[in-house]
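Residue numbers (our numbering): 2 to 283.
Report on one structure; see the data block that follows.
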Amino acid sequence: MSTSVISTQNDLLISGLGKRYASTQARGGELQVLQGIDLHVPEGRFVSIVGASGCGKSTLLRLVLGLDAQYEGRILLGGNPISGTGPERGIVFQDHRLFPWLTVEQNIAVGLRNAPLSTADKRRRVAEHVELVGLQGFEQSWPHQISGGMAQRVAIARGLVNRPRVLLLDEPFGALDALTRSRLQNEMQRIWQAERITMLLVTHDVEEAVFLGDQVVVMQPHPGRIRRILDVDLPHPRNRSDPRFIALRDDVLGDFTDSTTEQRARSPATPAPRAHTLQMAW
């Protein structure tokens, strides 16, 4: 698969991004969550962001989505600063967040709530995305009648139905069992190939990051920053047993081993507890 950039009008550009939170536990009353994040995501690229808990990867996604405007640096989409949430950015969360009182197709249609489309066009768009995620025949089903994997497919369709320029994926398969997760990763690969929109995935699963991403952004914590960016020059669909895939996965896993060793080296040694002699008073 070629990773050449055909157009730059919808590129996502993150420059000098930093984020602090007020904290009574931190020195100076502020906790630095993100620091010096620079990332260029060309239009149509699938980028995976991987890191341990606490590295700020979900905070980064919230800033790109527009849920928090208090940050340092710049976030540009198509050359324009991101200001608040907008239809050009869709999101899929770890939990599907379906409305239990709506059917499958009605839940997908929620993504078109403010779209300037006729009722007929909305129905057509929903039907297209039901087919895209392979849920034909379940349009009238209720959330409690479908499996967790199917519910997450509904959430993916809802995130895509408004045809956003960027789809943000916040650990979308993290709550699923291993078999369902693997199946949906394959489905996500197929959907991305069909839609070819920019996708930004946050995950703590290294194998998932390498399996789906054209690039893997490795983050490290305290404060959250980019350790390195790795190009994944493997064709889609990908094969987990391919020696090249295994080598790339192990390469990224090595970053976490190195990072843990570095953190331990920087941390002051904890003194051994003093031995106390128990004196009995008779």
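The beta carbon of each residue, even a glycine, is placed where N, CA and C say it ideally should be.
The model shown is predicted, which means the values in this text are computed figures rather than measured ones.
Delimiting residues of the beta strand (DSSP E) encompassing residue i
i: leucine 32; result: 31-42
i: phenylalanine 47; result: 47-51
For residue i, the residue or residues it bridges with in DSSP
i: serine 16; result: Arg75
i: leucine 169; result: Ile92, Leu201
i: asparagine 81; result: Leu78
i: glycine 225; result: Leu35
i: alanine 23; result: Glu31
i: aspartate 251; result: According to DSSP, aspartate 251 bridges with nothing at all.
i: leucine 1; result: Residue 1 is absent from the structure shown; the chain starts at 2 and stops at 283.
i: aspartate 232; result: Gln216
Residue i - containing alpha helix (DSSP H), residue span
i: valine 127; result: 120-133
i: isoleucine 192; result: 179-196
i: alanine 156; result: 149-161
i: alanine 210; result: 207-213
i: asparagine 108; result: 105-110
i: arginine 63; result: 58-66
Residue of the options minimising C-alpha distance to residue i
i: alanine 179; options: Val162, Glu209, Val203, Asp256; result: Glu209
i: glycine 160; options: Ile198, Thr181, Ala176, Ser148; result: Ile198
i: arginine 299; options: Pro173, Asp243, Val211, Asp96; result: With the chain represented from 2 up to 283, any question about residue 299 goes unanswered, as that position is not in the structure.
i: alanine 152; options: Gln36, Asp39, Arg98, Pro43; result: Arg98
i: valine 42; options: Val167, Phe246, Ala195; result: Val167
i: tryptophan 193; options: Val111, Ser242, Val134, Ile109; result: Val134
i: aspartate 69; options: Val93, Arg228, Gln107, Leu18; result: Leu18
i: glycine 318; options: Val162, Asp96, Glu196; result: Absent from the model: residue 318. The displayed extent of the chain is 2 to 283, so no value can be given.
i: histidine 145; options: Thr86, Leu32, Phe100; result: Phe100
i: glycine 37; options: Arg241, Ile227, Pro236; result: Ile227
i: valine 218; options: Glu31, Val51, Ser24, Gly30; result: Val51
i: asparagine 108; options: Glu31, Pro82, Thr86, Val162; result: Val162
i: proline 236; options: Arg191, Gly255, Val207; result: Arg191
C-beta contact flag for residue i and residue j at 9 Å
i: serine 84; j: glycine 67; result: yes
i: leucine 169; j: methionine 220; result: no
i: leucine 13; j: leucine 62; result: no
i: arginine 154; j: leucine 185; result: yes
i: glutamate 106; j: alanine 128; result: yes
i: phenylalanine 94; j: aspartate 171; result: yes
i: methionine 189; j: isoleucine 147; result: no
i: arginine 90; j: valine 111; result: no
Sequence-distant residues of its chain with Cβ nearer than 7 Å to residue i (five each side left out)
i: alanine 53; result: His205, Pro222, Phe257
i: serine 16; result: Asp39, Gly74, Arg75
Own chain residues within Cβ distance below 8 Å of residue i, not counting five before or after
i: threonine 104; result: Glu140, Gln141, Ser142, Trp143
i: glycine 214; result: Phe47, Val48, Ser49, Leu202, Val233
i: valine 34; result: Lys20, Arg21, Tyr22, Gly57, Thr60, Pro224, Gly225
i: glutamine 137; result: Val131
i: proline 82; result: Arg75, Ile76
Close-in-space but distant-in-sequence residues of the same chain around residue i (CB under 6 Å, 5 per side omitted)
i: asparagine 11; result: Glu44, Gly79, Arg166
i: asparagine 187; result: none
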